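Visitor: Before I ask anything, let me first share the structure, which is written out below as structure tokens.
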Amino acid sequence: MIMVEQLTRRFGAVAALDGFDLVVPPGTVHGLLGANGAGKTTAIRVLTTLLRPSSGHARVAGHDVARHPERVRARIGLVGQHAAVDEELDGRQNLEMFGRLHHLGTRPARARATELLERFDLPDKPVRQYSGGMRRRLDLAAGLIISPAVLFLDEPTTGLDPRARTEVWSAIRRLVANGTTVLLTTQYLDEADQLADHITVIAAGRTLATGTTDALKRRLGDDHLDVVIRDPLCLTDAAHLLAAFGPVRINKDQRQITLPVRDRVAALTGAARALQDNGIDAADIALRQPTLDEVFLHLTAGSEERTPA
Amino acid sequence: MTTAYWMASDSWTLTRRTLLHWRNQPAQLLLGLLFPVMILLMFGYLFGGAIAIPGGGDYHEYLLPGVFTLTMAFGIETTYTAVATDATRGVTDRFRTMPIAAGAVVTGRSIADMLNAAVGLLVLLACGLAMGWRWHNGFASALAAVGLLLLLRFALLWLGMWLALAAGRPETLMALQILVWPLAFLSSVFTPPSTMPGWLGAIADGNPLSATAGATRALFGNPGADQPVWLAVAWPLALLAVFVPLAVHRYRRLT
Chain A
373 MIMVEQLTRR
383 FGAVAALDGF
393 DLVVPPGTVH
403 GLLGANGAGK
413 TTAIRVLTTL
423 LRPSSGHARV
433 AGHDVARHPE
443 RVRARIGLVG
453 QHAAVDEELD
463 GRQNLEMFGR
473 LHHLGTRPAR
483 ARATELLERF
493 DLPDKPVRQY
503 SGGMRRRLDL
513 AAGLIISPAV
523 LFLDEPTTGL
533 DPRARTEVWS
543 AIRRLVANGT
553 TVLLTTQYLD
563 EADQLADHIT
573 VIAAGRTLAT
583 GTTDALKRRL
593 GDDHLDVVIR
603 DPLCLTDAAH
613 LLAAFGPVRI
623 NKDQRQITLP
633 VRDRVAALTG
643 AARALQDNGI
653 DAADIALRQP
663 TLDEVFLHLT
673 AGSEERTPA
Chain B
203 MTTAYWMASD
213 SWTLTRRTLL
223 HWRNQPAQLL
233 LGLLFPVMIL
243 LMFGYLFGGA
253 IAIPGGGDYH
263 EYLLPGVFTL
273 TMAFGIETTY
283 TAVATDATRG
293 VTDRFRTMPI
303 AAGAVVTGRS
313 IADMLNAAVG
323 LLVLLACGLA
333 MGWRWHNGFA
343 SALAAVGLLL
353 LLRFALLWLG
363 MWLALAAGRP
373 ETLMALQILV
383 WPLAFLSSVF
393 TPPSTMPGWL
403 GAIADGNPLS
413 ATAGATRALF
423 GNPGADQPVW
433 LAVAWPLALL
443 AVFVPLAVHR
453 YRRLT
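Heads up: the sequence lines are chains A and B, in that order. The working numbering applies: residue 373 is where the first sequence begins, and numbers increase by one. The working numbering applies: residue 203 is where the second sequence begins, and numbers increase by one.
Written out as structure tokens, the structure reads:
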């Protein structure tokens, strides 16, 4: 559904995309994971015909984005980083307007607006009175006016509080259940993990790694165990004990010890017991997925190892 | 269906969007309409008594075409705000990823803004008539004057669109609002340039607003018509020749 080959987009001397590759089969949800400035938004903008590529090829829904942008536009929906809706209209007026502009015709546009308001649980009041989560859901609904072949979601939950985030996630999951192909960008591994079946990691405009979420998560490194020690004097002793479960990193200021673990439950219970047996008081013990920084460290370290000196 | 059909249909949908804004926020529309009326009353009754027109004539008769012209110039803020807000909110991007007929977005904007200008002008004409201002050269000439005023608004609309797409943020509206004042006052809108220091008067004479103010004074038969009418056609056409291509170009390659 999306085929990208050696895509490059330069802004003056800066290459925001620098030989980017991507393949998204129909009916799948693909997560594009990368830090700020990695080229995620540029990739979305090229694929949605907002920017012309400097070189390389990109096909979306069977059409080349540079040669037939108007054909691509008839098949896609975009939900950008800001809620791109008209604040001075109400929810229904927004959806009706977008429906008419998608050339549905007046009456079908009205029916579609009603349907989408209901589906996304949106009240019929001025958008300026909407909460952040409602705005995003309206934005999503606007991206779905035509049941697009491909839906682009550019950081759909950035800036939302946890509750609104969950609301948006479940709205996205319902879409996916309908078989829409989705490309979503995110800075958060857990978001990609929650929503996508495939992940591509992008850094400096280039594809760093790609694969199914599970396979990639294994490659991206193990889960991390964070242990916070109450008494700073015990920090070194605790680190010695925990080193039995994996290579430890110590953060003195936060009295925190971090280590990657493979067998999550065994490591968690083992670490807790070892500390308790030695009379060391832990303020907090938590398992978490690696952060994006840790993923990049891991991926770049991995590629250096593979490169012969 | 045909391209022409969708062009008309999409333009109407986008014009209708602004009409819905007015219906949803009538207070905003009303304020926009009343602001020039306030200026008219201020200059007509507060300052007006102290201003004498060289060669004689009633100041109200001189003032009205000036305020009509000024109102057309202030309209640029309406255009700027609407276009800049859409660009920053991502609404423009959403439009650009939709199969909307080419040019419908700017056409819809133009129609809505011209409607706004026409309504604003009607309100001011009514106020002027109530204040004792009259046209003296017949209805056809008066209509031509109104045409020239709308032509100026139309030209400035494109300047506004280009500025908004180039400078982009609704916050820079403040800068525009401040700049519009000296640019508007440095013209024959409120006072004849012949009463200004020589070099300043020369600049004021060259202001496109003076061209429209002077021409409409001539057509309405009001005092102070100091410029040939053709200038009030030439200036807007020159502005259009420059800013239509610039605005269209900006819209296409907006990043």
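Glycine residues also receive a C-beta, built at the ideal position from the N, C-alpha and C atoms. As the structure is a prediction and not an experimental result, all values here were calculated from the model.
Looking at chain A, is there any beta carbon in it that lies within less than 7 Å of the beta carbon of Met300/B?
Guide: So yes, Met300/B belongs to the interface.
Visitor: Quick one, are the C-beta atoms of Ile657/A and Val599/A less than 7 Å apart?
Guide: Yes. Within cutoff.
Visitor: Comparing C-alpha positions only, which one of Arg590/A, Gln628/A, Ala616/A, Asp649/A sits nearest to Leu605/A?
Guide: Checking every option, the nearest Cα to that of Leu605/A belongs to Gln628/A.
Visitor: Taking beta-carbon pairs under 7 Å, can you tell me which members of the segment 210 to 226 of chain B lie near chain A?
Guide: If the cut-off is 7 Å between Cβ atoms, the segment 210 to 226 of chain B has Asp212, Thr215, Arg219, Leu222, His223, Asn226 near chain A.
Visitor: Look at the Cβ atom of Leu567/A, then the Cβ atom of Val396/A, and state whether they are nearer than 7 Å.
Guide: No, Cβ-Cβ distance for Leu567/A and Val396/A is not below 7 Å.
Visitor: Could you tell me which chain B residues have their CB closer than 9 Å to the CB of Thr538/A, listed as they occur along the chain?
Guide: Near Thr538/A there are no residues of chain B at all, since even the closest Cβ is about 23 Å away, more than 9 Å.
Visitor: Let's see if you can read the secondary structure: which residues bound the beta strand (DSSP E) around Ala388/A?
Guide: Residues 386 to 396.
Visitor: Name, going along the chain, the residues of the segment 455 to 478 of chain A whose beta-carbon falls closer than 8 Å to a beta-carbon of chain B.
Guide: Residues Ala455, Ala456, Val457, Asp458, Glu459, Glu460, Leu461, Asp462, Gln465, Met469, Phe470, Arg472, Leu473, His474, His475.
Visitor: Can you look up Val446/B in the DSSP assignment and give me helix, strand or coil?
Guide: Val446/B: helix per DSSP, three-state reduction.
Visitor: Contact criterion: CB-CB distance below 7 Å. Does Ala446/A meet it with respect to chain B?
Guide: Yes, its Cβ sits closer than 7 Å to a Cβ of chain B.
Visitor: Please determine if the segment 360 to 376 of chain B and the segment 286 to 300 of chain B are in contact, where contact requires at least 3 C-beta pairs separated by less than 8 Å.
Guide: In short, these stretches touch, since the Cβ pair count reaches three.
Visitor: On the DSSP letters alone, give me the boundaries of the beta strand (DSSP E) that Ile278/B sits inside.
Guide: That residue, Ile278/B, is in no beta strand (DSSP E); its alpha helix (DSSP H) goes 261 to 291.
Visitor: Can you list the residues of chain A that Pro293/B reaches, using a CB-CB cut of under 8 Å?
Guide: According to the sequence as given, residue 293/B is Val; it is not Pro. By Cβ distance, chain A contributes Ala456, Val457, Asp458.
Visitor: Quick check: the Cα distance between Asp319/B and Arg509/A, rounded to an integer number of angstroms?
Guide: Reading off the sequence, residue 319/B comes out as Ala, not Asp. One C-alpha to the other measures close to 36 Å.
Visitor: Among residues of its own chain, excluding the 5 on either side of Gln429/B, which ones have a beta-carbon nearer than 7 Å to its beta-carbon?
Guide: Excluding residues within five positions, the ones whose Cβ falls inside 7 Å are Ser412, Ala413, Gly416, Ala417.
Visitor: Is Pro680/A helix, strand or coil when you go by DSSP?
Guide: Summary for Pro680/A: the model assigns pLDDT 37, below 50, so the residue's position carries little reliability, and this model does not support an answer.
Visitor: For chain B, find out if any of its Cβ atoms is closer than 7 Å to the Cβ of Leu494/A; answer yes or no.
Guide: It does not; no Cβ of chain B falls within 7 Å.
Visitor: For the segment 305 to 347 of chain B, list the alpha helix (DSSP H) runs that are entirely contained and at least 4 residues long, ordered along the chain.
Guide: Listed in chain order, the complete alpha helix (DSSP H) runs (minimum 4 residues) inside the segment 305 to 347 of chain B are 306 to 332.
Visitor: When the cut-off is 7 Å and only beta carbons count, does Leu405/A lie next to chain B?
Guide: Not one chain B Cβ lies under 7 Å of Leu405/A.
Visitor: Could you tell me how far apart the beta carbons of Ala536/A and Gly504/A are, in whole angstroms, since I believe they sit closer than 8 Å?
Guide: Right, the Cβ-Cβ distance comes to about 5 Å (below 8 Å), so this counts as a contact.
Visitor: On the DSSP letters alone, give me the boundaries of the alpha helix (DSSP H) that Ala581/A sits inside.
Guide: Careful: Ala581/A lies outside any alpha helix (DSSP H), inside the beta strand (DSSP E) at 578 to 584.
Visitor: At which residue ranges does the segment 435 to 473 of chain A contain complete alpha helix (DSSP H) runs of 4 or more residues, listed in the order of the chain?
Guide: Counting only runs of 4 or more, we get 441 to 445, 463 to 473.
Visitor: Anyone know if the C-beta pair for Ala430/A and Arg447/A falls short of 7 Å?
Guide: Their beta carbons are not under 7 Å apart, which means Ala430/A does not touch Arg447/A by this criterion.
Visitor: In chain order, what residues of the same chain lie with their CB nearer than 6 Å to the CB of Thr204/B, ignoring the 5 residues before and after it?
Guide: Once the five neighbours on either side are set aside, Thr204/B has no close Cβ partner at all.
Visitor: With distances taken between CB atoms, is the gap from Leu607/A to Ala643/A smaller than 7 Å?
Guide: Not closer than 7 Å, so no.
Visitor: Classify Glu539/A as helix, strand or coil using the three-state DSSP reduction.
Guide: Looking at Glu539/A - three-state DSSP - the assignment turns out to be helix.
Visitor: Rounded to whole angstroms, what's the CA-CA distance from Ala611/A to Leu671/A? Just pull it up for me.
Guide: So the alpha carbons of these two residues sit roughly 25 Å apart.
Visitor: Please check the pair His223/B and Glu460/A, which I expect to be a contact at CB under 8 Å, by giving their CB distance rounded to whole angstroms.
Guide: That pair is a contact at about 5 Å.
Visitor: Go ahead and label Leu216/B buried or exposed: buried means 16 or more other beta carbons lie within 10 angstroms of its beta carbon, across all protein chains shown.
Guide: Leu216/B is buried by the Cβ-count criterion.
Visitor: What residues in the segment 300 to 318 of chain B have a beta carbon less than 7 Å from any beta carbon of chain A?
Guide: Listed in sequence order: Met300, Pro301, Ile302.
Visitor: Could you give the residue range of the beta strand (DSSP E) that holds His596/A?
Guide: Its beta strand (DSSP E) spans residues 595 to 601.
Visitor: Can you tell me whether Arg445/A is buried or exposed, with buried defined as 16 or more other CB within 10 angstroms of its CB?
Guide: Per the 10 Å Cβ criterion, buried.
Visitor: Going straight from the alpha carbon of Thr212/B to that of Thr486/A, what length do you get?
Guide: Here the sequence assigns Asp to residue 212/B, which means Thr is not the residue at that position. Taking the straight line joining both Cα atoms gives about 21 Å.
Visitor: So is Arg296/B in contact with chain A if we call contact Cβ pairs under 7 Å?
Guide: Answer yes: the Cβ-Cβ gap between Arg296/B and chain A drops below 7 Å somewhere.
Visitor: With 16 as the cutoff for other CB atoms within 10 Å, does Lys412/A come out buried or exposed?
Guide: Lys412/A should be labelled buried.
Visitor: Would the beta-carbon of Ser426/A fall within 7 Å of that of Arg381/A?
Guide: For Ser426/A and Arg381/A, yes; Cβs fall inside 7 Å.
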